[in-house]
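K.L.:
Take any residue in the sequence shown, count from 1 to its spot, add 15: that is its number in my numbering.
Beta carbons are placed, not taken as given, at the ideal position from N, Cα and C, and that holds for glycine.
Just so you know, these numbers come straight off a predicted model, no measurement behind them.
This structure is in structure tokens; I'll ask about it shortly.
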Amino acid sequence: MINKEAYHQLCELCDEYDAQLVAVSKTKPIEAIMELYEMGHRDFGENRVQELQDKHPALPDDIRWHAIGHLQKNKVKYIAPYVHMIHAVDSQSLLAKINAEAEKNGRKINVLLQVKIAQEDSKYGLSEEEATLVLDKVNDDQYPHIEVCGLMGMATFSSDMDLVRGEFRSLRDMRERLSQMHGMELRELSMGMSGDYQIALEECSSMIRVGSLLFGNR
Ligand SMILES: *Cc1c(COP(=O)(O)O)cnc(C)c1O
């Protein structure tokens, strides 16, 4: 079920670029995830809470679950006990909610701020100004139960690779500005999917989120 050749190529590329591969298993069955798990893979991404809730108890405990899609505040409580990283924090109020649920669970949750980089109209993501305001509060120690590890972005869905590259570059530049301004490392840049991971890696992605190339079309 898994495209093993693609998996090995992606692993080699990630090694070369010092990046991490998040295998996006949304809509795919437990067996497909287990197949990759048995090849040694541990980082999996899902975009729906209900699916995470179904899959998490049915799979080994040492899987690191990445919540990669838009997340509703009222659903944070379900994944807060076990989620490894939340990639798509797109509002101050969502961050506050994650902080509160992390506190209830006596843990710290890793998050990425999703910023808008695509030219196309995308519903979700912070502007640079909004990200600045969020990071001000983080620096003010208002969210002691979250760890802001970096930024996440989605490029325009387009075959114009110059456009896509420019958008990835804008995320990388924004990371430079924000980390300087706030004295934060913001180590992770989560960008790149099946159609554009190569460009993302060339533009300093540290986490590529790849689904269909590994698991087949949805
Ligand atoms: C589905 C999804 C991916 C993976 O997309 P593919 O094109 O299948 O690799 C990456 N990121 C997010 C946020 C997604 O929802």
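(1) Going by DSSP, which residues form a beta bridge with L127?
(2) May I ask which residues mark the beginning and end of the beta strand (DSSP E) holding Q134?
(3) From this set, Q157, N232, M167, which residue's C-alpha is nearest G210's C-alpha?
(4) Here's the rule: buried if 16 or more other CB atoms are within 10 angstroms of the residue's CB, otherwise exposed. What is R190?
(5) Whether or not the segment 63-70 and the segment 38-54 are in contact is what I'm after, with contact meaning three or more pairs of Cβ atoms, one per stretch, closer than 8 angstroms; do they touch?
(6) Is the segment 115-126 close to the segment 148-155, with three or more CB pairs under 8 angstroms?
(7) DSSP puts D60 in a beta bridge; with which residues?
(8) State yes or no: is the C-beta of R79 nearer than 7 angstroms to some heavy atom of ligand 1?
(9) Provide the residue span of the beta strand (DSSP E) that contains R180, from first to last.
(10) With DSSP run on the structure shown, which of helix, strand or coil describes M49?
(11) Can you pull the DSSP bridge partners for S205?
(12) Could you check what DSSP says for A34 in three-state terms: helix, strand or coil?
(13) Using only CA atoms, which one of D175, D76, H99 lies nearest to K123?
(14) CB-CB under 7 angstroms to C26, same chain, minus the five flanking residues each way: which ones, in chain order?
(15) Please determine whether the Cβ atom of L128 lies at a distance below 7 angstroms from any heavy atom of ligand 1.
(16) With respect to the beta strand (DSSP E) encompassing A103, which residues constitute its N-terminal and C-terminal limits?
(17) Starting from N154, follow the alpha helix (DSSP H) in both directions and report where the run begins and ends.
(18) Just how far apart, CA to CA, sit W80 and H23?
(19) Just confirm the distance between the C-beta atoms of A170 and Y139, as a whole number of angstroms; I'd bet it's less than 8 angstroms.
(20) Are there three or more Cβ pairs, one per stretch, closer than 8 angstroms when the segment 157-172 is compared with the segment 131-138?
P.N.:
Looking at the atomic coordinates:
(1) Residue 127 sits at position 112 when you count from the first residue of the sequence shown. Residue pairing by DSSP puts L127 in a beta bridge opposite G165.
(2) Translated into the one-based positions of the sequence shown, residue 134 becomes position 119. From DSSP, Q134 is part of no beta strand (DSSP E); its letter is neither H nor E.
(3) Here residue 210 corresponds to residue number 195 of the sequence shown, with the count starting at 1. Considering only alpha carbons, the answer is N232.
(4) In the sequence shown, the residue the question calls residue 190 occupies position 175. Counting the other CB atoms within 10 Å of its CB gives R190 a total of 16 or more, which places it among the buried residues.
(5) At 8 angstroms Cβ cutoff, the stretches touch.
(6) No, the segment 115-126 is not in contact with the segment 148-155.
(7) Taking the first residue of the sequence shown as 1, we reach residue 60 at position 45. One point to set straight first is that residue 60 is Gly, not Asp, in the sequence displayed. DSSP output for G60 lists V39, H81 as bridge partner(s).
(8) Mapped onto the sequence shown, residue 79 falls at position 64. R79: no, Cβ never under 7 angstroms from ligand 1.
(9) The residue you call residue 180 lines up with position 165 of the sequence shown. Where R180 is concerned, there is no enclosing beta strand (DSSP E), although the alpha helix (DSSP H) it sits in stretches over 176-197.
(10) One-based indexing of the sequence shown puts residue 49 at position 34. Helix.
(11) Translated into positions along the sequence shown, residue 205 becomes position 190. For S205, which the question treats as bridged, DSSP gives the partners M167, M222.
(12) As a first step, residue 34 must be located in the sequence shown, where it is residue number 19. A34: coil per DSSP, three-state reduction.
(13) On the sequence shown, position 108 is the one that residue 123 refers to. Among D175, D76, H99, the Cα nearest to that of K123 belongs to H99.
(14) Counting from 1 along the sequence shown, the entry for residue 26 is found at position 11. So the qualifying residues of the chain are L36.
(15) Along the sequence shown, one-based indexing puts residue 128 at 113. If you check the C-beta of L128 against ligand 1, you find no heavy atom less than 7 angstroms away.
(16) Reading the sequence shown from its first residue, position 88 is the one you call residue 103. In this chain, the beta strand (DSSP E) harbouring A103 covers 100-104.
(17) On the sequence shown, position 139 is the one that residue 154 refers to. It spans 143-154 - the alpha helix (DSSP H) in which N154 sits, taken as one unbroken run.
(18) Numbered from its first residue, the sequence shown carries residue 80 at position 65. Numbered from its first residue, the sequence shown carries residue 23 at position 8. Answer to the nearest angstrom: the Cα atoms are 21 angstroms apart.
(19) Here residue 170 refers to the residue found at position 155 of the sequence shown. Here residue 139 refers to the residue found at position 124 of the sequence shown. A170 to Y139, Cβ: 14 angstroms. No contact.
(20) For the pair of segments examined, the segment 157-172 was found to touch the segment 131-138: the number of CB pairs separated by less than 8 angstroms reaches three.
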